[in-house]
Amino acid sequence: MTQGKGFGFGIGKMKELADAFKKAQQVQEGAKRLQEELEQMQIAGEAGGGLVKVVLSGNQEPQSVEIAPEALNEGAEVLSDLVTIAMKDAYNKSTATMRERMEELTSGLELPGMGM
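Written out as structure tokens, the structure is:
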């Protein structure tokens, strides 16, 4: 009578799988903390040498817009452009921050069979 090998999972594979689940759970917990941190962050974008400043949360939620009195003398079209540039600047900074923080969170995460 031959001895069966089960489902092809030896003790070593079961340990790898358990470790992977533990790492995934740690990442999930870290992601929740990161989400809370991002909500509290204030990331500023500027245009016109500081004439216009836009502040977003780390989750890209608009927080405030500050317009220097001197910017009002530039006219509506220029002011509109300055606000747009400041928004894009804040958005790009927020996106970069989010990406960096997610990379920190997932660095070292190697799931079996994922070929990382």
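With the UniProt record's numbering applied, the sequence shown closes on residue 116, and no number is skipped along the way. Here a beta-carbon is modelled for each residue, glycine too, at the ideal position from N, C-alpha and C. Owing to the predicted nature of the structure, the values given are computational and were not obtained by experimental measurement.
Following the continuous alpha helix (DSSP H) through Ser94, name the residue where it begins and the one where it ends.
Counting along the chain, the alpha helix (DSSP H) containing Ser94 begins and ends at Ala76 to Thr106.
DSSP three-state call for Gly49: helix, strand or coil?
Looking at Gly49 - three-state DSSP - the assignment turns out to be helix.
Cβ shell of Glu55 (< 6 Å), same chain only, five flanking positions each side left out
Note that residue 55 corresponds to Val in the displayed sequence, not to Glu. Contacts found: Gln42, Ala44, Gln63 and Ser64.
Do you know offhand how far Met102's Cα is from Ala31's?
Met102 and Ala31: Cα-Cα distance of roughly 8 Å.
I need the straight-line Cα distance from Pro112 to Ala18, nearest angstrom please.
Reliability of the predicted coordinates at Pro112 is poor, the pLDDT of 48 falling under 50, and the value obtained from them is presented with this limitation in mind. Near 10 Å, if we compare the C-alpha coordinates of Ala18 and Pro112.
Please report how far the alpha carbon of Glu70 lies from the alpha carbon of Glu77, in whole angstroms.
Spanning the two alpha carbons is a distance of roughly 14 Å.
Element boundaries [beta strand (DSSP E), containing Gln63]
Looking at the DSSP string, the run of the beta strand (DSSP E) that includes Gln63 is Pro62 to Ile67.
Excluding sequence positions up to five away, which residues of its chain have a Cβ less than 6 Å from the Cβ of Ala68?
Within the same chain, Ala68 has close Cβ partners Leu51.
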